[in-house]
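Taken in order, these protein sequences are the chains called A and B.
Numbers 1 to 172, taken from the numbering used here, label the letters of the first sequence in order.
Numbers 173 to 344, taken from the numbering used here, label the letters of the second sequence in order.
In what follows, a single structure is set out as structure tokens and then discussed.
Protein chains: 2
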Amino acid sequence: MTNTLIQSGTRILGLDPGLRRTGWGVVVAEGSRLRWIAHGVISPPEAAPFSERLLFLLEAVGEVCTAYSCDEAAIEEVYVNMNPSSTLKLGHARAAVMLAPARCGLSVAEYSPNLIKKAVVGSGHADKGQIAFMIKRLLPAAGEVKTDAADALAVAVTHAQLRKRALLEMVS
Amino acid sequence: MTNTLIQSGTRILGLDPGLRRTGWGVVVAEGSRLRWIAHGVISPPEAAPFSERLLFLLEAVGEVCTAYSCDEAAIEEVYVNMNPSSTLKLGHARAAVMLAPARCGLSVAEYSPNLIKKAVVGSGHADKGQIAFMIKRLLPAAGEVKTDAADALAVAVTHAQLRKRALLEMVS
Numbered sequence: 001m002t003n004t005l006i007q008s009g010t011r012i013l014g015l016d017p018g019l020r021r022t023g024w025g026v027v028v029a030e031g032s033r034l035r036w037i038a039h040g041v042i043s044p045p046e047a048a049p050f051s052e053r054l055l056f057l058l059e060a061v062g063e064v065c066t067a068y069s070c071d072e073a074a075i076e077e078v079y080v081n082m083n084p085s086s087t088l089k090l091g092h093a094r095a096a097v098m099l100a101p102a103r104c105g106l107s108v109a110e111y112s113p114n115l116i117k118k119a120v121v122g123s124g125h126a127d128k129g130q131i132a133f134m135i136k137r138l139l140p141a142a143g144e145v146k147t148d149a150a151d152a153l154a155v156a157v158t159h160a161q162l163r164k165r166a167l168l169e170m171v172s
Numbered sequence: 173m174t175n176t177l178i179q180s181g182t183r184i185l186g187l188d189p190g191l192r193r194t195g196w197g198v199v200v201a202e203g204s205r206l207r208w209i210a211h212g213v214i215s216p217p218e219a220a221p222f223s224e225r226l227l228f229l230l231e232a233v234g235e236v237c238t239a240y241s242c243d244e245a246a247i248e249e250v251y252v253n254m255n256p257s258s259t260l261k262l263g264h265a266r267a268a269v270m271l272a273p274a275r276c277g278l279s280v281a282e283y284s285p286n287l288i289k290k291a292v293v294g295s296g297h298a299d300k301g302q303i304a305f306m307i308k309r310l311l312p313a314a315g316e317v318k319t320d321a322a323d324a325l326a327v328a329v330t331h332a333q334l335r336k337r338a339l340l341e342m343v344s
């Protein structure tokens, strides 16, 4: 699902990488306000060779960057305490997803899952349901958002908040 | 170091991925003969942000694909029994390196380290010194080859051999 609402301001692309499903979400930071622009989930064809699945991710995220004229990007860091084979696959998917905004000349900020939960829900131990609930409250125009896209919007919201804080510190 | 010798035939790009050093080697398979074309090592700037180091790999390998008009690519599979943080980083680098030939429309074959050792040295437990020694014998025109590039040439040699076997089976 992809819905759109075009606005001016700094456009932030949030990314929740995965080889089967990569969530993405675009928000615009206008001063202290935050507005939803679009979100979606990218699913590479599972039967395709590995390199083609990665290429699908790279190109699809690249299209999102261009379509929504994103200015900055942010992505979730990865827990490394899962099984090594899953870690390796996720590493590949994450690289393909990061490379898309990098190719468009965007910086790609990285945030730990705990920091994202803390920024969005207020607790580093929040579950996915709580994140989806808060995204709905923070970005009501987004409507019903599936988990992967909600996580991606949470990354974008985190970046908007921490970026704003960094800007305020610069002028104070 | 990069040396070149232009030939006709099927050009195979072998890749040994790494975030600090990615080895590459191009050989041409002409019937049952194998000839060296070029090899080198790519080192992204270590101080650059992570996404930019990945982008450096993607673009540098892409330039190699184009410069040597490669027809097929092959890459080493990754051992997953190392530490999870290293596995994750290597996964990222490997994706960036695989995506370069995929973007050029090339198929990217994957071979396990043991299969490569067996194909080049004759034993799945050969060490890096033995691989470098055999690469020097199989591709004398390559001259002195550093470890990362020797490993990449070994991947290309493996693909040339297994590809040739697959073609022979098709016509028999």
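Using N, Cα and C, we set each Cβ at its ideal position, and we do this for glycine too.
Quantities reported herein were computed from a predicted structural model and do not represent experimental measurements.
Would you kindly check if the distance between the Cβ of residue j and the Cβ of residue i is under 7 Å?
i, j, result
"B:D206", "B:V199", "Inspection of the sequence shows that residue 206 of chain B is occupied by Leu rather than by Asp. Contact: yes."
"B:I209", "B:A232", "no"
"B:L325", "B:I247", "no"
"A:I12", "A:A119", "no"
"A:A102", "B:S241", "no"
"B:L271", "A:L90", "no"
"B:A321", "B:G197", "yes"
"B:L226", "A:T87", "no"
"A:V97", "A:P17", "yes"
"A:E72", "A:L106", "yes"
"A:S32", "B:V252", "no"
"B:I288", "B:V327", "yes"
"A:A95", "B:A220", "no"
Buried or exposed for residue i, going by 16 or more other Cβ atoms inside 10 Å?
i, result
"B:D299", "exposed"
"B:S316", "The amino acid occupying residue 316 of chain B in the given sequence is Glu; Ser does not appear at that position. With fewer than 16 other Cβ atoms within 10 Å, it is exposed."
"A:T158", "buried"
"A:A93", "buried"
"A:G129", "exposed"
"A:H125", "exposed"
"B:G195", "buried"
"B:A201", "buried"
"B:T176", "For B:T176, the predicted structure reports a pLDDT of 44, less than 50, and the residue's modelled location is therefore unreliable. A value from the coordinates is still provided. By the neighbour-count rule (16 or more Cβ atoms within 10 Å), B:T176 is not buried but exposed."
"B:G294", "exposed"
Looking only at DSSP bridge pairs, what is residue i linked to?
i, result
"B:A245", "B:L185 and B:V280"
"B:G212", "B:W196"
For residue i, does the three-state DSSP call read helix, strand or coil?
i, result
"A:A29", "strand"
"A:G18", "coil"
"B:H264", "helix"
"B:G234", "helix"
"B:A220", "coil"
"B:G294", "coil"
"A:L175", "The requested residue 175 of chain A does not occur in the structure, where chain A is confined to residues 1 to 172."
"A:N83", "coil"
"A:K128", "helix"
"B:N175", "Confidence at B:N175 is low in this model, with a pLDDT of 45, below 50, so the placement of that residue should be treated as unreliable; the coordinate-derived value is given next. In this structure, B:N175 counts as coil in the three-state DSSP scheme."
"A:L139", "coil"
"A:K146", "coil"
"B:V250", "coil"
>> At a CB distance below 9 Å, what residues from the region 254–270 of chain B approach chain A? Give them in sequence order.
In response: M254, N255, P256, S257, T259, L260, K261, L262, G263, H264, A265, R266, A267, A268 and M270
> Listed in chain order, which residues of the region 48–67 of chain A have Cβ atoms closer than 8 Å to some Cβ of chain B?
Replying inline: P49, F50, S51, E52, L54, L55 and L58
> Which residues, in chain order, does the region 324–336 of chain B contribute to contact with chain A at a C-beta distance below 7 Å?
Replying inline: none
>> What are the residues in the region 271–284 of chain B lying within 8 Å of chain A by C-beta distance?
In response: Taking 8 Å as the Cβ-Cβ cut-off against chain A, the residues of the region 271–284 of chain B that qualify are L271, P273, A274, R275, S279, V280 and E282.
> When you check each C-beta in the region 187–202 of chain B against every C-beta of chain A, which residues fall closer than 9 Å?
Replying inline: none
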